[in-house]
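Protein chains: 2
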Amino acid sequence: MGKGMKVVVIGAVAAGPKVASKIIRQMPDAEVTCVEKGRFLSYAGCGLPYYVSGVVEDQAELMSTPVGVVRDPVFFRNVKNVHVLEQTEAVSIDRSGKKVYAKDIRTGNEISLDYDKLVLATGASPFIPPIEGTKLKNVFTLHGVDDAEGIKAMLAEHKARDAVIIGGGLIGVEITESLVHTGCRVTMVEMMPQILTMLDWEMAKLVEQHMEAKGVKVLTSTKVEKVDGKSGVVEAVRTSNGKICTDMVIMAVGVRPNTKLAKDAGLELGVGGTIKVNQKMQTTDPDIYAAGDCVEMENLITKDKCYVPLGSTANKQGRVAANNISGRKDSFPGILGSAVCKVFDFCVARTGLSEEQAANAGFDVETVLSPSPDKAHFMPEAKMLMLKLVADKKSGRLLGLQAIGPGAGDKRVDAAAAAISAGMTMEQISNLDLCYAPPFSPAMDNLITAANVMRNKLEGDMEGISPRELKDKMDSGEDLFLLDVRSEGEFNEVRIPGAVNIPLGMLRKRLDEVPEDKNTQIVVFCKISLRGYEAGLILENAGWKDIKVLDGGVVMWPFEKITP
Amino acid sequence: MGKGMKVVVIGAVAAGPKVASKIIRQMPDAEVTCVEKGRFLSYAGCGLPYYVSGVVEDQAELMSTPVGVVRDPVFFRNVKNVHVLEQTEAVSIDRSGKKVYAKDIRTGNEISLDYDKLVLATGASPFIPPIEGTKLKNVFTLHGVDDAEGIKAMLAEHKARDAVIIGGGLIGVEITESLVHTGCRVTMVEMMPQILTMLDWEMAKLVEQHMEAKGVKVLTSTKVEKVDGKSGVVEAVRTSNGKICTDMVIMAVGVRPNTKLAKDAGLELGVGGTIKVNQKMQTTDPDIYAAGDCVEMENLITKDKCYVPLGSTANKQGRVAANNISGRKDSFPGILGSAVCKVFDFCVARTGLSEEQAANAGFDVETVLSPSPDKAHFMPEAKMLMLKLVADKKSGRLLGLQAIGPGAGDKRVDAAAAAISAGMTMEQISNLDLCYAPPFSPAMDNLITAANVMRNKLEGDMEGISPRELKDKMDSGEDLFLLDVRSEGEFNEVRIPGAVNIPLGMLRKRLDEVPEDKNTQIVVFCKISLRGYEAGLILENAGWKDIKVLDGGVVMWPFEKITP
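If you're matching them up, the sequences are chains A and B in order. Read in order, the letters of the first sequence correspond to residues 1 to 564 in the numbering used here. Read in order, the letters of the second sequence correspond to residues 565 to 1128 in the numbering used here.
Given below as structure tokens:
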């Protein structure tokens, strides 16, 4: 099969090498050529922050196989039988003549390559915000190996240094941790009211608090106006919140798909200038496929077109494209926007729709904030894990999960991703047979507990109030009785302003301390709000009528707390 | 609702307290009484091995809420409004009169309790093998808090000590680790040819090897004949493999459901003497429910009745029973036999059907052994994770996953449990949007890589050979060419007996070292068999006809290896 089929792949970083290798495995007689603009092949771009921090010691590890073989053109030729033209830029596509024109960047030589099937794996480029000063020395992006080397060289040169990260997305957060690791004082500047917009506001606030606890200054709702320099070197960043003196700036405001080639060739483009593809990863020209950070994707829940460039998706799409080119049927169904990142001691993970996304998509949304230890609570290695579940009220289906904290959030997000893909309801999730032993999870896994709390809410057993709603009520001076049912010791450590303490075990006997008026607005809570829920039931049975349980308890309160 | 409904719950360890608390939450006017034979309520039996080892320091932690409140009768009364009769044994049920007769163990007083609904949460008891000597001093089971205290007291008394564990199941393995942790020399004796029969043979062998590397002697296919004592104290264990001198014996040969009450009351029993229940957790008497370690369950894949007592299942069933008693509709669908345990540095986890179970259930089975790092391989914290995937050839559906190794197997097993529950195929699993970042997973998650290898197999792209099949061929003296394509350095460290080494990168140039006869049986492999797969393709293209890839490579070879 594929006798002599000529396949040209443009791009040899993530999706490209995957497509090429897979095609040649299935059609050993095919002639597969990869054209790569850069000097580096098949490298793990996602690993760059860890190379900058020194966690990954050698650049070569990022472009090696798991057993340490460097994936260079010799490797591709000898092992994969794929011909790689490195430092060669594809400049145009002649669709009718089925030719790709390219130029060797080192020699300037022009070449042309015939193709039967063409694959565009052109990736993305960092977006440079349209402000003054982005070309000054020590202003970086972090996209390729050269960027990482530049940052490392700068760090090696200057001992004490301040750094400003422009943009609070995934890459911004990862490089922040890397720079703190190397001893930098970091300020993060984000235009939106929160960092990590893949999370809902209150979850992002908890991540910001964790970053600030680690010495990072996080400025949200802050617009960068200009980067100042002196003698061509960056000196300060001017923002809507004032001037920040700095030795270094890293711009991490997202990427844009590289689609000039596709556009010039007349292929249809999609959301955000991406290349439009069908589920076979075929562009509007049936002989041209595309995969990876340059293509449009579909959200599996909303069916909306979107753009979420990730290495994991690129690899899957590469495989699908290769299968179809090799004459097999395969399709890439779409994405859930699953993502995870390490933020100091926190794992920050999410899948599906956030509350905001779900509401925007027209769902009647219910949410749950559920913090609890990620392992049996009596195990010393148990760590706090804070979950936010988003469900569709009507169907009871899970729409999204956000997980933050030192606990194993990635594990719950992966189980949830499978559950969402299958359209599972809360009832189904609450009976999932997840594996249990004390060193790995609580007897009721965190995901199952959160699903049960959601069922309680959907069935009307408990009325919750989100931290933000409560804060709005507090700020507007509404008459509220805030009842904290934790122990006295816990209450004396840290508390929410204005709360009154009656430990749960004493509540039945101390009901006289609750305002007599049975119509009083009461908000009950504890550390994680399980005791709060019990307290609510006790008050309800004692006749009070307006009781709400604070979602997520004191642990997930994203506003100021009092430390007496 | 439930005005004055009288509910009696027999058993207050796992399912019992769950049922009681949940009912009272939903029906505050109900009268709920728990009758518990033992002194300890609502304790985490699964935590006992960690209490024995000292990882959990205080017994009270096992019976506390996550915030450290001990769940004693006072707690149940004040917080939950549940009346608990501890050290009270239910002796009979009068179904027509709707009464439970019980006896206070301390006083001998007899009491009777009226019920509208009765819940049997009577749990299970350790099985004592019918051999001589099990009543000797220092012969233990590990089921309740008293057992753990007995073992701890014995350990505190004697400094140097040998221990024999009879039974290589989950509890046997967990207590082995605990005892090694306290300084014991442990011998495990298992009657079957492998420990952990929830795993397939070759996976269990890898766990045995890990235990032996930690100093545990594992004797499989070994029958215990008698426990010898001197002056009433255990001295040795006589087995079909000889006599083992020992200071202590722990019998961990499984548990049996406590169903005498149910049987005497004429309720229908199921598999292994369990109480038969429907999906509402209702016994054959509609006013009597049962949940936890005493009931029959259904396997979600085969629909066969089975008995897999676990704390996680007990909690879920308790909730379902409570909902139905409270007049709500709820059902417990069944189990996948998901389980996990910590075995020294290994996480050992599984869900669904093993190869053997799947074959016995009549499936046309295909399997994959897939070892790889559990995080991006360039991250220093990446650890080896060895997966075994079991699929149905006909439908391509995932039937089971086994995960062992230092890597995060529980995470992949939980995602697989959700996928199996949803009936997902390999194609669906290979496109799951699992979350990715280098500190948490490889770009292609281990589960996805394994699913892709399975797709290659199911589509006929590669022919695998299991370690056991290969060993049989080797032992029977078949003419084989064993080609190890790892690097020379790897080959010199450790190898499979009889293998020839040609590193993958040189294979195209060194084909003359492969036997000329194109019909030679060739088995190719590397460390994890990805390079082995590439090598197979190279040989196939060069004309060899009988090439198989060794599943799991050198890493998952469960037989003797040579260390030159």
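By construction, the Cβ of each residue, glycine as well, lies at the ideal position given by its N, Cα and C atoms.
query: Does DSSP put A923 of chain B in a helix, a strand or coil?
result: In the second sequence, the residue the question calls residue 923 of chain B occupies position 359. DSSP places A923 of chain B in helix when its eight states are reduced to three.
Length at least 4, wholly inside the segment 455-498 of chain A: the alpha helix (DSSP H) runs in chain order: Counting whole runs of 4 or more residues, the segment 455-498 of chain A contains the alpha helix (DSSP H) stretches 467-475 and 488-493.
message: Is there a Cβ of chain B sitting closer than 8 Å to that of N565 of chain A, yes or no?
response: Only positions 1 to 564 of chain A appear in the structure, and residue 565 of chain A is not among them; the question remains open.
field: Proximal chain B residues relative to M379 of chain A, where beta-carbon distance stays under 8 Å
entry: In the first sequence, counting from the first residue as 1, residue 379 of chain A sits at position 379. The contacting residues are G611, Y614, V619 and V620.
- request: For R603 of chain B, I'd like the list of residues in its chain whose CB is within less than 7 Å of its CB, leaving aside the five on either flank, ordered along the chain.
  value: As a position in the second sequence, residue 603 of chain B is number 39, starting the count at 1. Residues E650 and Q651 of the same chain have their beta carbon placed closer than 7 Å to that of R603 of chain B, with the five preceding and five following residues left out of the count.
- prompt: Secondary structure at K6 of chain A, three-state DSSP: helix, strand or coil?
  reply: In the first sequence, residue 6 of chain A corresponds to position 6, counting from 1. In the structure shown, K6 of chain A adopts extended strand secondary structure according to DSSP, grouped into three states.
Min CB distance D1115 of chain B to chain A below 8 Å: Along the second sequence, one-based indexing puts residue 1115 of chain B at 551. It does not: the Cβ of D1115 of chain B has no partner Cβ on chain A nearer than 8 Å.
task: Between the Cα of I808 of chain B and those of B:R725, B:T705 and B:I657, spot the shortest distance and give me the residue it belongs to.
output: Numbered from 1 along the second sequence, position 244 holds the residue referred to as residue 808 of chain B. For the residues B:R725, B:T705 and B:I657, the minimum Cα distance to I808 of chain B belongs to B:R725.
S178 of chain A, DSSP secondary structure in three states: Here residue 178 of chain A is taken as the residue at index 178 of the first sequence, counted from 1. Here S178 of chain A sits in helix by DSSP.
query: Going by the beta-carbon positions, is the gap between G732 of chain B and L770 of chain B smaller than 8 Å?
result: For this step, residue 732 of chain B is matched to residue 168 along the second sequence. For this step, residue 770 of chain B is matched to residue 206 along the second sequence. For G732 of chain B and L770 of chain B, no; Cβs fall outside 8 Å.
- request: Residues of the segment 776-805 of chain B with a CB closer than 8 Å to any CB of chain A: list them in chain order, please.
  value: Of all residues in the segment 776-805 of chain B, none has a Cβ within less than 8 Å of some Cβ in chain A.
field: Three-pair Cβ contact test at 8 Å for the segment 240-257 of chain A versus the segment 128-145 of chain A
entry: As far as the Cβ criterion goes, the segment 240-257 of chain A touches the segment 128-145 of chain A, which means the pair count is three or higher.
Rounded separation between G964 of chain B and S312 of chain A - CA only: Taking the first residue of the second sequence as 1, we reach residue 964 of chain B at position 400. Taking the first residue of the first sequence as 1, we reach residue 312 of chain A at position 312. Their Cα atoms are separated by approximately 24 Å.
- prompt: From this set, B:D710, B:M1038 and B:G856, which residue's C-alpha is nearest L874 of chain B's C-alpha?
  reply: Here residue 874 of chain B refers to the residue found at position 310 when the second sequence is read from its first residue. Among B:D710, B:M1038 and B:G856, the Cα nearest to that of L874 of chain B belongs to B:G856.
- request: Taking 8 Å as the cut-off, decide whether the C-beta atoms of V797 of chain B and K893 of chain B are in contact.
  value: What you label residue 797 of chain B is simply residue 233 of the second sequence in a count that begins at 1. What you label residue 893 of chain B is simply residue 329 of the second sequence in a count that begins at 1. At least 8 Å separates the beta-carbon of V797 of chain B from that of K893 of chain B.
- prompt: At which residue ranges does the segment 496-559 of chain A contain complete beta strand (DSSP E) runs of 3 or more residues, listed in the order of the chain?
  reply: Annotation note: the segment 496-559 of chain A contains the following uninterrupted beta strand (DSSP E) runs of length 3 or greater, listed N- to C-terminal: 521-525 and 546-550.
- prompt: Near I288 of chain A, which residues of its chain fall below 6 Å by C-beta distance, leaving aside the five closest residues on each side in sequence?
  reply: Indexing the first sequence from 1 puts residue 288 of chain A at position 288. Setting aside the 5 residues that flank it on each side, I288 of chain A is surrounded in the same chain by L118, each with a C-beta closer than 6 Å to its C-beta; the list follows chain order.
Whole-angstrom distance between M1070 of chain B and A688 of chain B, CA atom to CA atom: Residue numbering aside, residue 688 of chain B sits at position 124 when the second sequence is read from its first letter. Residue numbering aside, residue 1070 of chain B sits at position 506 when the second sequence is read from its first letter. A688 of chain B and M1070 of chain B: Cα-Cα distance of roughly 60 Å.
- request: Pull up the CB-CB distance for I165 of chain A and V189 of chain A, whole angstroms please, since I reckon it's below 8 Å.
  value: Taking the first sequence and counting its residues from 1, one reaches residue 165 of chain A at position 165. Taking the first sequence and counting its residues from 1, one reaches residue 189 of chain A at position 189. Separation of the CB atoms of I165 of chain A and V189 of chain A is rounded to 7 Å, and the pair is thereby assigned contact status at 8 Å.
field: Simplified DSSP assignment, three categories, for K844 of chain B
entry: As a first step, residue 844 of chain B must be located in the second sequence, where it is residue number 280. If DSSP states are grouped into helix, strand and coil, K844 of chain B belongs with coil.
message: What are the residues in the segment 429-440 of chain A lying within 9 Å of chain B by C-beta distance?
response: Flagged, chain order: I429, S430, N431, L432, D433, L434, C435, Y436, A437, P438, P439 and F440.
field: Residues of the segment 296-313 of chain A whose Cβ lies closer than 8 Å to any Cβ of chain B, in chain order
entry: So the close ones are L300, L310, G311, S312 and T313.
Cβ neighbours of K383 of chain A in the same chain (closer than 6 Å, five flanking residues each side left out): What you label residue 383 of chain A is simply residue 383 of the first sequence in a count that begins at 1. Excluding residues within five positions, the ones whose Cβ falls inside 6 Å are D374, P406 and G407.
message: Can you pull the chain A neighbours of L900 of chain B, defined as C-beta to C-beta under 7 Å?
response: Translated into the one-based positions of the second sequence, residue 900 of chain B becomes position 336. Result: D433.
query: Assuming V340 of chain A and T367 of chain A make a contact with CB atoms under 8 Å, what is their CB distance in whole Å?
result: As a position in the first sequence, residue 340 of chain A is number 340, starting the count at 1. As a position in the first sequence, residue 367 of chain A is number 367, starting the count at 1. At roughly 20 Å, the Cβ-Cβ gap does not stay under 8 Å, so V340 of chain A and T367 of chain A are not in contact.
- prompt: What residues from the segment 357-371 of chain A come within 9 Å of chain B, judged by C-beta to C-beta, listed N to C?
  reply: Against chain B - using a Cβ distance shorter than 9 Å - the segment 357-371 of chain A contributes no residues.
- request: List the residues of chain B that G505 of chain A touches, going by C-beta distances under 9 Å, in chain order.
  value: Translated into the one-based positions of the first sequence, residue 505 of chain A becomes position 505. Under a criterion of Cβ atoms nearer than 9 Å, the residues of chain B adjacent to G505 of chain A are, in order, V633, V638, F639, N642 and V643.
Whole-angstrom distance between K778 of chain B and L434 of chain A, CA atom to CA atom: Residue numbering aside, residue 434 of chain A sits at position 434 when the first sequence is read from its first letter. Residue numbering aside, residue 778 of chain B sits at position 214 when the second sequence is read from its first letter. Put simply, the backbone Cα of L434 of chain A is about 28 Å away from that of K778 of chain B.
task: Give me the Cα-Cα distance between K217 of chain A and V271 of chain A, rounded to the nearest whole angstrom.
output: Looking up residue 217 of chain A in the first sequence gives position 217. Looking up residue 271 of chain A in the first sequence gives position 271. Computed Cα separation, rounded: 34 Å.
query: Buried or exposed: which applies to S221 of chain A, given that a residue is buried once 16 or more other Cβ atoms fall within 10 Å of its Cβ?
result: Position 221 of the first sequence, counting from 1, holds the residue named residue 221 of chain A. So S221 of chain A ends up on the exposed side.
message: My assumption, with CB atoms under 8 Å, is that V1087 of chain B sits in contact with K1109 of chain B. Please give the rounded CB distance.
response: The residue you call residue 1087 of chain B lines up with position 523 of the second sequence. The residue you call residue 1109 of chain B lines up with position 545 of the second sequence. About 14 Å separates the Cβ atoms of V1087 of chain B and K1109 of chain B, ruling out a contact at the 8 Å cut-off.
query: Run through DSSP, which three-state label would N863 of chain B get?
result: For the purposes of this step, residue 863 of chain B is taken as residue 299 along the second sequence, with counting starting at 1. Strand at N863 of chain B.
task: Check the DSSP bridge columns for S125 of chain A and list the partner residues they point to.
output: Residue numbering aside, residue 125 of chain A sits at position 125 when the first sequence is read from its first letter. BP columns for S125 of chain A point to A:R256.
message: Are the CB atoms of T246 of chain A and G54 of chain A within a distance shorter than 8 Å?
response: For the purposes of this step, residue 54 of chain A is taken as the residue at position 54 of the first sequence. For the purposes of this step, residue 246 of chain A is taken as the residue at position 246 of the first sequence. In this structure, T246 of chain A does not lie closer than 8 Å to G54 of chain A by Cβ.
query: Is the beta carbon of R531 of chain A less than 8 Å from the beta carbon of V500 of chain A?
result: Within the first sequence, numbered from 1, the residue matching residue 531 of chain A stands at position 531. Within the first sequence, numbered from 1, the residue matching residue 500 of chain A stands at position 500. Going by C-beta atoms, R531 of chain A is not nearer than 8 Å to V500 of chain A.
message: Starting from T313 of chain A, trace the alpha helix (DSSP H) in both directions and tell me its first and last residue.
response: In the first sequence, the residue the question calls residue 313 of chain A occupies position 313. Segment G311 to I325, the alpha helix (DSSP H) holding T313 of chain A.
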